[in-house]
Amino acid sequence: MMILMATILPSKLSLPLNNKKSGGKHSFQSKYVFFSNKPYPKFAPLSPNLHFSYDTVSVITSPAQSKDNKITDWNTKINEVCEMGNIDKAIELLYMSPKTEIESRTCCSILQLSAELKSLQDGKKVHSFICSSGISIDSVLGSKLVFMYVTCGDLREGRLIFDKIRNEKVFLWNLMMNGYTKIGDFKESVSLFRQMLDLGVEVNSHTVSCILKCFAALGSAKEGKWVHGFLLKLGLGSYNAVVNSLIAFYLKIRRVDVARKLFDELSDRDVISWNSMISGYVANGFSEKGVELFKKMLYSGVDMDLATMVSILQACANCGDVSLGRAVHGSGVKACAHWKTTFCNTLLDMYAKCGVLDGAIRVFDLMSVRTVVTWTSLIAAYAREGLSDEAIRLFHEMDREGVSPDIFTITTVLHACACNGSLENGKDVHNYIRENDMQSNIFVCNALMDMYAKCGSMEDAKAVFLEMPVKDIISWNTMIGGYSKNSLPNEALSLFGDMVLEMKPDGTTLACILPACASLASLDRGKEVHGHILRNGFFSDQQVANALVDMYVKCGVPVLARLLFDMIPTKDLITWTVMIAGYGMHGFGNNAITTFNEMRQAGVEPDEVSFISILYACSHSGLLDEGWRFFNIMQDECNVKPKLEHYACIVDLLARSGKLAMAYKFIKSMPIEPDATIWGALLSGCRIHHDVKLAEKVAEHVFELEPENTGYYVLLANTYAEAEKWEEVKKLRQKIGRRGLKKNPGCSWIEVKSKVHIFLAGNSSHPQAKKIEVLLKRLRSKMKEEGYFPKTRYALINADSLQKETALCGHSEKLAMAFGILNLPPGRTIRVSKNLRVCGDCHEMAKFISKTLGREIVLRDSNRFHHFKDGVCCCRGFW
DNA sequence: CTAGGGTTAG
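For the first sequence, the UniProt record's numbering begins at 1 and goes up steadily by one.
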């Protein structure tokens with residue numbers, strides 16, 4: 001079924017205005033034949049496509065050469081010259097002639113020729129001649145002028161004359177409408193259409209085709225449907241071109257079903273009908289249907305043309321059907337389509353999207369003309385494969401080759417920089433944008449902000465954001481999401497506040513802002529956003545619902561999280577994973593396991609992240625056997641290869657359970673190189689189980705892998721301190737000092753009346769500092785009375801016990817808890833968050849408070865949640 | 001008489 005490229009001939013049976021002429025633009029041939037019949041044999045051998053040279057023609061046709069007739073017929077001469085297509089001579093004669101002798105129809109001839117040659121310059125010369133000679137611009141001449149101007153692309157001038165002559169000929173109206181449509185000014189075209197109807201100008205098939213195109217482009221579904229009814233009344237409903245426009249219109253407004261019905265009922269389908277339907281399927285996301293229809297098209301004997309191939313290649317790209325793509329490639333080459341840039345560009349893109357990068361490169365290499373689209377497609381191809389450096393290199397090469405990037409190129413290359421996290425390359429592109437004055441384009445700005453956010457520079461992103469003349473919802477979401485992901489939750493929340501004053505957030509905004517509430521553990525702000533979600537019906541957005549569950553988990557309310565979780569009708573992998581991880585964080589290991597099993601029963605396949613969550617849940621609840629079981633299920637049943645995170649969970653599980661030697665052996669047997677977290681998990685196990693010797697051995701690995709991380713030094717120091725090895729503690733402190741490292745200062749915060757209060761360790765500058773101190777002292781002595789002893793070893797200072805106690809009293813989580821007791825209404829749960837792990841002494845005190853004061857305390861540390869109630873913590877010592 | 005309907009990249 002090999003197919004030749006069909007040239008699109010003007011068609012068809014149903015057309016009233018059959019295009020019988022050989023076509024205006026190509027009419028030289030016929031005119032030449034006519035001319036060669038005249039007695040000038042020496043011109044006969046001239047190729048019909050050759051332009052007549054000025055000199056040659058002037059020899060024969062100059063009126064000055066005429067011998068007897070002094071009153072030369074200038075009009076005839078000019079018409080003759082026009083017949084031959086010699087515009088230069090025609091103009092010259094026009095200006096040589098006595099103005100009064102030139103007839104209107106002569107001007108029409110020259111204008112017609114100017115239009116055919118698309119020579120605005122010559123057309124204007126005729127126009128100014130008309131003006132200076134006083135020829136009245138009647139309806140016929142006016143029409144010709146309009147035709148010339150519109151055809152030559154000067155819509156403004158054409159419109160001026162059009163308005164003056166108030167012609168009621170439908171042709172001229174169609175001409176104007178088409179002119180506006182071509183430049184994308186659909187609104188003006190529609191306005192003309194309305195005027196036409198008001199004036200009672202009788203519309204024809206061309207009019208409705210054009211107006212349907214406009215309404216399709218404007219997305220005016222209602223108006224388009226009205227035209228549909230209107231054209232049926234006019235009896236235009238059986239015209240092939242009209243139905244084709246209707247099909248295209250319905251496909252643009254995404255009414256594929258209506259389009260298909262029209263297509264099926266169309267008796268004389270031509271290649272355009274097929275192409276419209278196929279490309280419409282592809283554009284509406286039904287690529288398979290497009291391919292199916294394509295096969296039907298070939299069966300019914302209609303040859304594909306360039307447009308068909310382009311659509312089908314797109315479909316192949318969408319479906320990843322590279323074999324059909326290759327077949328179309330072959331047909332295209334046979335039909336010589338590979339000389340067409342559009343074909344090659346789509347072909348290149350098809351190979352790239354199907355993951356056949358070398359195929360894309362081969363197409364690129366073989367192309368003789370590479371446009372900006374070609375380069376952009378190849379850059380996108382590299383970026384898609386994660387080869388960002390190569391993508392950026394191509395961008396510079398393209399520039400050197402003299403092909404100017406457009407906004408698509410810029411956004412694509414920015415995306416490559418973003419994926420690469422290469423701020424330097426991104427800044428280079430930013431400079432290029434400034435140099436080429438593209439920084440006011442909204443797409444470019446959004447891509448720039450995204451790049452900066454992904455490269456971690458929110459400062460630069462903000463600078464772009466502030467300078468944007470117009471911001472859309474994507475601009476806001478990019479910034480808010482950027483702040484959220486770069487651990488700047490306060491900035492995210494503050495910008496969200498600015499945003500709601502200017503525009504309505506969408507699902508993406510909400511899904512971006514919830515993690516910020518979560519990271520601050522700001523339940524009040526989270527609830528505000530929840531209210532917003534309910535009021536605006538965003539709970540049905542899967543991403544939003546998932547983020548909401550996650551927020552409640554991280555704000556310390558797993559019960560509410562579960563309630564919402566149960567309300568999500570279709571739970572995806574993320575929904576399940578968030579809940580499982582949530583249970584893990586709160587130490588509800590068994591709930592996590594139940595939920596994990598429910599997920600598998602629901603037919604949702606766990607991925608590596610859900611396995612991290614379940615293993616983590618097991619380790620935080622000390623469920624050793626279950627943890628092992630899941631580690632095996634993961635590999636045996638689910639084909640998930642364990643990564644560092646999974647190994648870390650297992651090490652953590654073994655180490656916490658006191659199986660330190662086994663954990664050490666396990667690390668040594670790992671098929672991948674262990675990192676600091678793996679060794680760190682074992683180190684923390686050593687501290688819990690007081691194995692100083694192993695701790696020292698393990699610490700060596702850790703310090704080598706992450707010498708800057710002070711947390712590990714503190715961990716070892718704590719191990720020494722618990723063993724009362726103060727000399728070693730001192731040495732370690734000196735080591736930290738020598739390396740210029742500082743212990744990360746402890747910081748806790750608590751939300752009271754929607755305001756977040758932050759406490760730093762040892763800081764007494766809070767307005768209520770005195771009251772807090774008094775309360776803590778009172779609690780401390782009460783604790784002693786009831787037999788609690790302060791865990792002074794955590795003070796890490798080798799001093800007398802009173803000093804240590806004082807130091808411990810300054811711990812930020814105690815300050816925050818005390819502030820909560822003093823300022824929250826009685827009975828309200830006290831929710832405190834801390835940036836580091838909770839200290840042992842604070843943990844003891846929280847237990848005590850929960851018992852004596854009967855207050856529930858939820859403490860979130862860097863690792864997990866602690867729920868204190870009636871003197872017990874849910875962690876049962878696993879932290 | 002002259003014109004119209006389907007075609008590539010983020």
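Each residue gets a CB set at the ideal place from its N, CA and C atoms; glycine is no exception.
Inter-stretch contact at 8 Å, needing at least 3 Cβ pairs: the region 437-454 / the region 404-420: Using a Cβ-Cβ distance cut-off of 8 Å, the region 437-454 and the region 404-420 are in contact, since at least three pairs of beta carbons, one from each stretch, lie closer than that value.
Per-residue burial, N632 [other beta carbons within 10 Å of its own, 16 or more giving buried]: By the neighbour-count rule (16 or more Cβ atoms within 10 Å), N632 is not buried but exposed.
Limits of the beta strand (DSSP E) - the one that E751 falls within: 747-752
Residue 914 - DSSP class collapsed to helix/strand/coil: The structure shown does not extend to residue 914, since the chain is modelled only from 1 through 879, so no value can be given for it.
Whether S684 touches A717 by CB criterion (8 Å): no
Sequence-distant residues of its chain with Cβ nearer than 8 Å to T376 (five each side left out): These residues qualify, in order along the chain: P405, D406, F408, T409, T412.
Close Cβ partners of I533 (< 7 Å) along its chain, the five nearest in sequence each way excluded: L510, F539, V544, L548
Opposing strand residues paired with C873 [DSSP bridges]: F868
Runs of beta strand (DSSP E) wholly within the region 464-520 (minimum 3 residues, chain order): none
Alpha carbon of M2 to alpha carbon of N284, nearest angstrom: With a pLDDT of 38 at M2, under the threshold of 50, the modelled position of this residue cannot be trusted, and the question is left open.
Alpha-carbon to alpha-carbon, D185 and Q195: 16 Å
Rounded straight-line distance, which links the Cα of V692 to that of A723: 8 Å
Cβ-based neighbour list, M503, same chain, cut-off 8 Å, excluding 5 preceding and 5 following: I473, W476
Residues of its chain near residue 885, where Cβ-Cβ distance is below 7 Å and the 5 sequence neighbours each way are ignored: This structure leaves residue 885 out entirely; the chain is present only between 1 and 879.
As assigned by DSSP and simplified to three states, the class of G200: coil
Terminal residues of the beta strand (DSSP E) in which residue 937 lies: Because the chain here runs from 1 to 879, residue 937 falls outside it and cannot be looked at.
N-terminal and C-terminal residue of the beta strand (DSSP E) that V858 is part of: 857-860
C-alpha distance - V333 paired with M309, whole-angstrom precision: 11 Å
Cα-Cα separation between T570 and I433, rounded to whole angstroms: 44 Å
Backbone secondary structure at K571 - three-state DSSP: Collapsing the DSSP output to three states places K571 in coil.
Counted within 10 angstroms of its Cβ, other Cβ atoms place G871 as buried (16 or more) or exposed: Around the beta carbon of G871, a 10 Å sphere encloses fewer than 16 other beta carbons of the protein chains shown; the residue is thus reported as exposed.
Any 3 or more C-beta pairs closer than 8 Å across the region 725-739 and the region 768-786: no
H757: first and last residue of the uninterrupted alpha helix (DSSP H) it sits in: Premise fails: H757 lies in the beta strand (DSSP E), 755-760, not in any alpha helix (DSSP H).
Whole-angstrom distance between A463 and A846, CA atom to CA atom: 44 Å
Own chain residues within Cβ distance below 6 Å of L682, not counting five before or after: V651, A655, A663, V698
Rounded straight-line distance, which links the Cα of E467 to that of T346: 36 Å
Contacts around I513, its chain only, beta-carbon distance under 8 Å, and the 5 residues preceding and following it disregarded: Answer for I513: I480, S484, A492, L493, F496, P505, V529, listed in chain order.
Closest residue to I379 among A360, M367, A307 (Cα-Cα distance): A360
Given G627 as reference, the closest of I593, E598, K659 once Cα atoms are compared: That would be I593, whose Cα lies nearest to the Cα of G627.
The region 266-282 contacting the region 234-248, beta-carbon criterion three pairs below 8 Å: yes
Contacting residues, own chain, Cβ-Cβ under 7 Å from T852 (five flanking each side not counted): K782
CB-CB length for C638 against E605, believed under 8 Å: 7 Å
Close Cβ partners of F115 (< 6 Å) along its chain, the five nearest in sequence each way excluded: As written in the sequence, residue 115 is Ala, which differs from the Phe given in the question. Result list for A115: F147, M148, T151, in chain order.
Range covered by the alpha helix (DSSP H) that runs through R629: 624-636
Exposure of S139, with buried meaning 16 or more beta-carbon neighbours within 10 Å: exposed
Close Cβ partners of C461 (< 6 Å) along its chain, the five nearest in sequence each way excluded: According to the sequence as given, residue 461 is Ala; it is not Cys. Closer than 6 Å at Cβ, skipping near neighbours: M449, Y452, A453, G482.
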